[in-house]
Amino acid sequence: MLCLLAAGLALALHSPGHLSVDSTIQLHEAHSGRIESWAPPFMSALLAWLGPGSVATALFVLLNTAATYGAFWMIARGTAETPWPWWRLSVALILIANPVVFAYVGIVWKDVLLASLCVLALSLTVAASRAYNPRHRRALAFLALLTLLPIPMVRQQGLLLMPVFAIAPALLIAESAPAQSRKWVLATVGVAVLAGYLLLRFAVAATFTQGPDGRDLSVGARIIRAYDLAGIQARTGATGPLARAGAPAETLGAIQETYSGDRVDRLNAHPSVSRYFGSLDEEALKALWWDSIKRHPIAYARHRLSAFVWLLGLRDPGKCLPVLVGVDGVPDFLSESRLRAENEPRDDWLYEKYKGLFHTPLWQHWFYVLLLLAAAIGAWRRGTRARRILLPWVAGLTLFVGAFLPTSIACDFRYLFLLIPCVTAILLALVVPEQAARGPAPP
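At the far end of the sequence shown sits residue 443, using our numbering, and the numbering has no gaps.
Spelled out as structure tokens, the structure:
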């Protein structure tokens, strides 16, 4: 009931969605049929498939809301025959009512889409583990695998996450298949998943007359290297890598003045800094970056740790774009979608409700890292079944968070949002009374 109430309230207060500059760029790509940014293309393709302008954004919010709260409901359902101890029910209600999840399902961001896909796949995996009929178990696990197919095309980290998150549903398929046909079943599923992935990539590519041409990976790597060089230079001064490489004094001074561990944006906005890094070709930048790390490993480690600490919310969460309300973006892109930059009264009302929580653990990622650790311990203690189903997801989420240690370029809260609904779902699965899981445990 709470899931339905939260979903309905989210749709009423968020639709047709909150948009940032990134959102409007992807709407423009959906409208024009050309990928012009360095973001992965799936989000823009999805908006193109959903319809024009606010129709697409409203449906996007609907899909994310249904996937997220539907996932929570799917994990908590099936327990009507089993009385819930008061403490389990209280914990479940608190988990589902998380205001961060409520705030984010209404934002048109690829980070939210990634989280929705992953938490839905997680809930399908949990549902599969509870299914009594082996065929139903295999069908649900297969659906979980299909739900994971887009994630490498949503965010670059999806390339790391997909094979790890696929472990649990793949195990369920293998364990529930008859022994004499297990190899055939696995081969069929493998071929179907591969074919589905290739078809999805083809559908995305066919949506655009101009694709990303690898920019989604190459541009991101270039920004990370430039940020690392600036971070090392800011800590080493006259002996730093850019000083030795003959960077102009203006550039060196600008780096000392504008570098910060919270985001790369201010560096990129300085003309001298952007001009200098723009003058370096890919090979020269890569060689300078690697040589700098070898010469100044401590400075590099301090820079990376500083960026990661900011991302976890251990500095000033208010500087890290904790939430988005209203519509903002490139004016020309907004007008072609018949939108305009504005904050409605309900947007301002929502922000006033949220902002009091920004400096609480609920809006800081270190808190959810601790909950992930608690979930890992809980899954291990719960027994073999929970370990097989939940620990691969814990491992994938740990990998996801850890991947930002060498790659973080900004502390925006949305970057680790995936962690929150997925940890919530894992904890919900652990809170459900064990006897409520229908059917025998996987062999």
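C-beta atoms are modelled at their ideal positions from N, C-alpha and C, and glycine is treated no differently. Computed from a predicted structure; not experimentally measured.
Assigned exposure category for residue i - 16 Cβ within 10 Å defines buried
i, result
"Asp-133", "Reading the sequence as shown, one finds Asn at residue 133 and not Asp. Under this definition Asn-133 is an exposed residue."
"Asp-281", "exposed"
"Thr-239", "exposed"
"Gln-180", "exposed"
"Leu-145", "buried"
"Val-273", "buried"
"Val-191", "exposed"
"Ser-129", "buried"
"Trp-310", "buried"
"Ile-377", "exposed"
"Pro-440", "Residue placement at Pro-440 is flagged as unreliable, the pLDDT there being 45, under the threshold of 50; the coordinate-derived value follows with that caveat. Burial call: exposed."
"Leu-194", "exposed"
"Asp-265", "exposed"
"Phe-404", "buried"
"Thr-407", "buried"
"Ala-269", "exposed"
"Gly-231", "buried"
"Trp-363", "buried"
"Leu-62", "buried"
"Ser-476", "Residue 476 cannot be examined here, being either before or after the span of the chain that is shown, 1 to 443."
"Ala-437", "Per-residue confidence for Ala-437 stands at a pLDDT of 43, beneath the threshold of 50, marking its modelled position as unreliable; the derived number appears in the next sentence. By the 10 Å Cβ count, Ala-437 comes out buried."
"Phe-202", "exposed"
"Gln-210", "exposed"
"Ser-23", "buried"
"Ala-168", "buried"
"Thr-125", "buried"
Residue i and residue j closer than 9 Å at C-beta
i, j, result
"Thr-424", "Phe-208", "no"
"Tyr-104", "Ala-7", "no"
"Val-108", "Ser-20", "yes"
"Ile-420", "Trp-393", "no"
"Leu-288", "Leu-229", "yes"
"Arg-88", "Pro-433", "yes"
"Tyr-259", "Ala-284", "no"
"Leu-117", "Val-164", "no"
"Trp-380", "Arg-388", "no"
"Ala-341", "Asp-328", "yes"
"Cys-320", "Cys-411", "yes"
"Met-74", "Ala-115", "no"
"Pro-152", "Pro-83", "no"
"Leu-95", "Val-323", "no"
"Leu-416", "Leu-312", "yes"
"Val-147", "Leu-186", "Before going further, note that residue 147 is Thr rather than Val in the sequence given. Going by C-beta atoms, Thr-147 is not nearer than 9 Å to Leu-186."
"Gly-92", "Leu-397", "The residue you asked about is not Gly; residue 92 is Ala in the sequence shown. Not in contact: Ala-92 and Leu-397 (Cβ atoms no closer than 9 Å)."
Residue i - partner residues in DSSP beta bridges
i, result
"Gln-210", "Arg-34"
"His-18", "Ile-107"
"Glu-282", "DSSP lists no partner for Glu-282."
"Glu-342", "Val-327"
"Ala-410", "Arg-263"
| Any chance the stretch 22-32 sits against the stretch 47-55, with 3 or more Cβ pairs inside 8 Å? | yes
| said: List, from N- to C-terminal side, the alpha helix (DSSP H) runs of 4 residues or more that fit wholly inside the stretch 98-163. | reply: 99-104, 110-130, 134-148, 151-154
| the stretch 123-141 touching the stretch 164-179, judged by at least three CB pairs closer than 8 Å | Segments in contact, yes.
| query | Is the stretch 7-16 touching the stretch 53-66 in the sense that three or more CB pairs, one from each, lie closer than 8 Å? | reply | yes
| Is the stretch 236-252 close to the stretch 288-297, with three or more CB pairs under 8 Å? | yes
| Where in the stretch 351-407 do unbroken runs of the alpha helix (DSSP H), each at least 4 residues long, occur, reported from the N-terminal end onward? | 365-382, 384-403
| task | Note down, one range per segment and in chain order, each beta strand (DSSP E) of at least 3 residues found wholly within the stretch 223-273. | result | none
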